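Let me begin by presenting the structure, written as structure tokens, before commenting on it.
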């Protein structure tokens with residue numbers, strides 16, 4: 272079971288966009304530069320975030336991405352689902368309906384016990400990610416990032432934001 | 272994010288093995304027949320369960336698989352990890368250590384906020400699967416399986432167990 276690499280990139284991008292002054296934007300190429308990731312792949316994930324209503328792309332020469340809503344209103348789950356989709360990790364193939372004990376499909380009125388156990392676990396995972404917002408992450412990053420990295424990041428922002 | 276198909280097969284096999292009389296075994300080919308799944312693939316997953324100490328393979332002409340311990344002592348998480356591995360679904364690539372704000376690796380003493388949020392969610396998922404045992408699933412299956420399927424399954428067991 273693995274989340275795609277794009278999830279990490281997308282969460283980090285949202286965290287950076289949450290730090291921008293109001294109305295400021297960052298182009299996809301700048302977000303790729305900041306995170307040291309391939310621009311073409313990142314562009315795909317930013318488009319997924321845009322389709323999910325998490326970021327907005329402002330057009331034009333000074334255009335770029337910004338968060339579409341307050342960072343307190345974007346959960347980590349929102350970002351994960353935008354990039355990785357919302358399909359369950361466990362997909363029941365209904366193997367109970369095969370083999371010598373099988374009955375016609377109409378006889379199975381309850382979900383399989385295995386599926387229900389897996390669904391409960393995935394709900395616990397989703398609940399945990401739904402309870403964390405991009406604003407929460409930014410607060411932690413603010414407390415825990417080494418001061419020298421904050422200084423370097425601030426210098427970079429000064430240079431690229433106009 | 273997706274669990275492998277083998278997880279479903281392996282959990283169902285453990286549930287069937289939990290129903291066997293003491294000391295009885297079922298060959299891999301019978302388990303494949305019962306679940307309508309490809310024998311060669313299932314054999315691979317049964318070997319993984321065996322390596323994890325969840326099932327035991329008895330050798331010989333009348334040999335086959337049985338649970339290596341009571342069904343109350345096998346969690347769904349044990350089975351998932353035996354088949355799918357124990358690696359986290361979110362693997363942090365430390366992209367915070369790239370780009371213009373990066374510092375030497377030794378400066379990052381805390382795990383990244385993103386990684387910690389993902390780890391908390393995965394812990395919630397694991398806790399849920401750890402709290403469900405094969406015995407719990409068998410109890411639910413016993414209550415919810417259509418009576419006609421129980422009758423057919425019992426007839427099949429009569430035939431294959433000696």
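Protein chains in written order, with our numbering: chain A, 272 to 433; chain B, 272 to 433.
All C-beta atoms, glycine included, are put in the ideal place defined by N, C-alpha and C.
Since this is a predicted model, take the numbers as computed values, not measurements.
Limits of the unbroken beta strand (DSSP E) element including residue i
| i | result |
| --- | --- |
| residue 304 (chain B) | Looking at the DSSP string, residue 304 (chain B) is not in any beta strand (DSSP E); the run it does join, the alpha helix (DSSP H), is 299 to 306. |
N-terminal and C-terminal residue of the alpha helix (DSSP H) that residue i is part of
| i | result |
| --- | --- |
| residue 285 (chain B) | 276 to 289 |
| residue 418 (chain B) | 418 to 431 |
| residue 392 (chain B) | 384 to 401 |
| residue 406 (chain B) | 405 to 415 |
Exposure of residue i, with buried meaning 16 or more beta-carbon neighbours within 10 Å
| i | result |
| --- | --- |
| residue 312 (chain B) | exposed |
| residue 393 (chain A) | buried |
| residue 294 (chain B) | exposed |
| residue 343 (chain A) | exposed |
| residue 422 (chain B) | exposed |
| residue 376 (chain A) | exposed |
| residue 382 (chain B) | exposed |
| residue 357 (chain A) | exposed |
| residue 380 (chain A) | exposed |
| residue 288 (chain B) | buried |
| residue 370 (chain A) | buried |
| residue 322 (chain B) | exposed |
| residue 353 (chain A) | buried |
| residue 317 (chain A) | buried |
| residue 367 (chain B) | buried |
| residue 338 (chain B) | buried |
| residue 334 (chain A) | exposed |
| residue 279 (chain A) | buried |
| residue 413 (chain B) | exposed |
| residue 403 (chain A) | buried |
| residue 277 (chain B) | buried |
| residue 424 (chain B) | buried |
| residue 426 (chain A) | exposed |
| residue 432 (chain B) | exposed |
Closer than 6 Å: residue i CB and nearest the ligand FAD heavy atom
| i | result |
| --- | --- |
| residue 326 (chain A) | For the structure depicted, the ligand FAD is absent and the ligand set is empty, with no information on it obtainable. |
Exercise. Does the region 382 to 401 of chain B come close enough to the region 335 to 348 of chain B that 3 or more CB-CB pairs lie under 8 Å?
Worked result: yes
For this session: Could you tell me which uninterrupted alpha helix (DSSP H) segments, each at least 4 residues in length, are contained entirely in the region 313 to 379 of chain A, listed from first to last along the chain?
Result: 347 to 355
Exercise. Are the region 299 to 317 of chain B and the region 295 to 308 of chain A touching, with three or more C-beta to C-beta distances below 8 Å?
Worked result: no
For this session: Give, in chain order, every residue of the region 302 to 321 of chain B whose Cβ lies closer than 7 Å to some Cβ of chain A.
Result: 304, 305, 306, 307, 308
For this session: Name, going along the chain, the residues of the region 399 to 432 of chain A whose beta-carbon falls closer than 7 Å to a beta-carbon of chain B.
Result: 399, 400, 403, 408, 411, 412, 415, 417, 419, 420, 423, 424, 427
Exercise. Between the region 353 to 366 of chain A and chain B, which residues of the former have a C-beta closer than 8 Å to a C-beta of the latter?
Worked result: 355, 358, 360, 361, 362, 363, 364, 366
Exercise. Is there contact between the region 323 to 340 of chain B and the region 415 to 422 of chain A, where contact requires at least three CB pairs shorter than 8 Å?
Worked result: no
Exercise. Relative to chain A, which residues along the region 366 to 377 of chain B have a C-beta separation below 9 Å, given in chain order?
Worked result: 366, 367, 368, 369, 370, 371, 372, 373, 374
Exercise. Taking three-plus beta-carbon pairs below 8 Å as touching, is the region 272 to 283 of chain B in contact with the region 307 to 323 of chain B?
Worked result: yes
For this session: Closer than 7 Å, Cβ to Cβ, to anything on chain B: give me those residues from the region 380 to 392 of chain A, in chain order.
Result: 381, 384, 385, 388, 391, 392
Exercise. Relative to chain A, which residues along the region 273 to 301 of chain B have a C-beta separation below 9 Å, given in chain order?
Worked result: 273, 274, 275, 276, 278, 279, 280, 282, 283, 286
Exercise. In chain order, what residues of the region 329 to 354 of chain A put their CB closer than 7 Å to some CB of chain B?
Worked result: 347
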